[in-house]
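Participant: Numbers in our numbering are just positions in the sequence shown, counted from 1, shifted up by 1294.
There's a structure below that I have some questions on.
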Amino acid sequence: MPRILALDYGGKRTGIAVTDPLKIIASALTTVPSNELLKFLQDYCSNEAVESFVIGYPVSLKGESTDGTKLIEKFVEKLKSTFPEIPVNLIDERFTSKIAMQSMIASGMSKKSRREKGNVDKVSAVIILQDYLSQNF
């Protein structure tokens, strides 16, 4: 059964989360340098069936575009041209980094691990994916 991949895309690195085959649970997969992301996704999709991509879409508290919005839109164009057969879904990512940090604290993650930006990105991707699943499944 195909999985859904979620991306917390950033200028330097991207957190990636994936569903289980039944699309019930979102789990952290990895963090990849953003300049290597398309290659990683090509390799991943050649080994695993992917039903769709979910990408965190940054907007301001007023729901307006931000500097990050333009970055995401450029990446989405590249993603769609690289994987024209896989749908791309955008989901509001407001507060995901703060929620990710709170989740890591609540889970007992050490301060040292919480300081690693890649961990925040992975957990943020999980939150984005879980939000998407709760809205669509």
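The C-beta atom is built at its ideal place from N, Cα and C for all residues, glycine as well.
Looking at the unbroken beta strand (DSSP E) that takes in V1370, where does it start and where does it end?
Facilitator: Segment 1361–1376 is the alpha helix (DSSP H) holding V1370; no beta strand (DSSP E) there.
Participant: Do the stretch 1326–1344 and the stretch 1301–1308 touch if we need at least three Cβ pairs shorter than 8 Å?
Facilitator: Result yes; three or more Cβ-Cβ pairs closer than 8 Å.
Participant: Going by other Cβ atoms of all chains shown within 10 Å of its Cβ, with 16 needed for buried, is L1355 buried or exposed?
Facilitator: By the 10 Å Cβ count, L1355 comes out exposed.
Participant: So for I1385, helix, strand or coil by DSSP?
Facilitator: Here I1385 sits in strand by DSSP.
Participant: Going by C-alpha to C-alpha distance, which of R1388, E1387, D1386, F1347 sits closest to E1371?
Facilitator: The residue with the shortest Cα to Cα distance from E1371 is F1347.
Participant: Have a look at S1321 and G1304 and give me their C-alpha separation to the nearest angstrom.
Facilitator: Near 19 Å, if we compare the C-alpha coordinates of G1304 and S1321.
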